[in-house]
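Structure, as structure tokens:
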Amino acid sequence: MYKVTPIPAFQDNYIWKISLGSKLILVDPGDADVVLKQLNSDDEIVGILVTHYHRDHTGGIAALKQEFPNIQVYGPSNSPYPNIDVKLNDQSQIYFEALNLSFNIITIPGHTLDHIAFYNQDWIFCGDTLFSAGCGRMFEGNPQMFLDSIKKLTGLNQDAQLFCTHEYTLANIEFALTIEANNQDLIAYQKKVVDLRALNLPSLPSSIRLEKLINPYLRCNSDAIKIKLSKLTRLEINSEVDAFATIRQLKDDF
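Going letter by letter, the sequence shown gives residues 1 to 254 in the UniProt record's numbering.
Written out as structure tokens, the structure reads:
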């Protein structure tokens with residue numbers, strides 16, 4: 001049976017470990033040390049999935065390849081990160097025979113221009129594009145590009161487990177409540193996440209179905225949210241993309 005396990009790294013990163021018996025796939029291993037400490041003597045890393053080039057997602061790869069020289073690294077074809085063995089584009093597909101496991105790939109630029117997601121019917125690994133109750137900073141894209149990428153994700157299986165790569169959920173909820181203070185789903189979710197984090201448990205994975213209820217970046221076509229944003233900014237916010245850009249700017253300044 002497959003297991004997907006978070007390996008905490010740095011202050012708030014998660015490296016996701018996909019395992020079947022002793023065969024492993026890692027998603028965005030920014031730190032090799034925390035991975036190696038968790039491995040059993042017979043574990044074998046058969047692949048590394050890279051969603052984008054940022055160092056907190058790629059910094060551990062070189063050291064892991066020293067330990068496991070046959071690892072194949074799968075990542076974006078247009079990535080500035082130089083050590084990708086299998087370059088992937090929109091609609092690429094990959095298969096790991098050792099785990100009998102397939103992934104589809106979609107390009108989701110916005111946080112970075114090279115950003116991709118790996119998904120199948122059960123799982124979505126979305127990197128820093130989407131967080132629970134939030135989304136990544138817009139370092140390289142533009143609002144329309146980022147919004148289009150999020151819509152690609154929200155069109156996938158609504159109940160697939162959504163694996164983001166940072167534990168930002170409580171801070172994201174705190175901000176989201178400034179946009180939708182009376183969102184009862186969001187209020188209930190905050191209580192659940194507070195309880196999980198008090199036990200030092202991850203708030204992830206999420207799901208697209210949940211995020212559509214509580215994530216302001218997935219709800220920015222709501223008239224109520226546009227009215228609220230217009231009041232907060234004293235600007236006229238009419239379009240979905242303007243609402244998205246405004247929410248992102250407000251979060252940057254929060």
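Where is the CB? At the ideal position from N, CA and C, for every residue including glycine. Note that this is a predicted model, so its numbers are computed, not measured.
- Using a Cβ distance threshold of 8 Å, V241 and Q91 do not count as a contacting pair.
- Across the set G134, S102, Q161, the C-alpha of G134 shows the shortest separation from the C-alpha of H111.
- H54 carries a coil assignment under DSSP once its states are collapsed to helix, strand and coil.
- Of the residues assessed, D42 falls on the exposed side of the cut-off, its CB having fewer than 16 other CB atoms within 10 angstroms.
- When rounded, the separation of the alpha-carbon atoms in L177 and R248 is 14 Å.
- For E174, the secondary structure class from DSSP, reduced to helix, strand or coil, is helix.
- Between L88 and P76, the C-beta spacing is below 8 Å.
- Inclusion of T58 and F125 in the CB contact set at 8 Å is not warranted, their separation being larger than that value.
- A distance below 6 Å between beta-carbons, with the five flanking residues on each side excluded, links D31 to the following residues of its chain, in chain order: A9, G60.
- Secondary structure in the region 184 to 234: no beta strand (DSSP E) run of 3 residues or longer lies completely within the stretch.
- Using a C-beta cut-off of 8 Å, the region 153 to 169 makes contact with the region 203 to 218, since at least three inter-stretch Cβ pairs fall below that distance.
- The Cβ-Cβ distance between S203 and E167 falls below 8 Å.
- For T112, the secondary structure class from DSSP, reduced to helix, strand or coil, is coil.
- With contacts defined by Cβ atoms closer than 8 Å, F103 and F118 form a contacting pair.
- The C-alpha of I48 lies about 7 Å from the C-alpha of D28.
- At a Cβ-Cβ threshold of 8 Å, L24 and I45 count as neighbours.
- Per DSSP, the continuous alpha helix (DSSP H) segment holding S149 begins and ends at 143 to 154.
- Judged by DSSP in its simplified three-state form, I61 adopts helix.
- Between D128 and G136, the C-beta gap is smaller than 8 Å, which places the two residues in contact.
- Between the C-alpha atoms of L201 and T5 there is a straight-line separation of about 12 Å.
- For A9, there is no enclosing alpha helix (DSSP H); the residue is part of the beta strand (DSSP E) that begins and ends at 3 to 9.
- The Cβ atoms of P80 and D122 lie no closer than 8 Å to each other.
- In the structure shown, F68 adopts coil according to DSSP, grouped into three states.
- Residue Y189 holds the alpha-carbon nearest to the alpha-carbon of N172 among Y189, L156, Q184.
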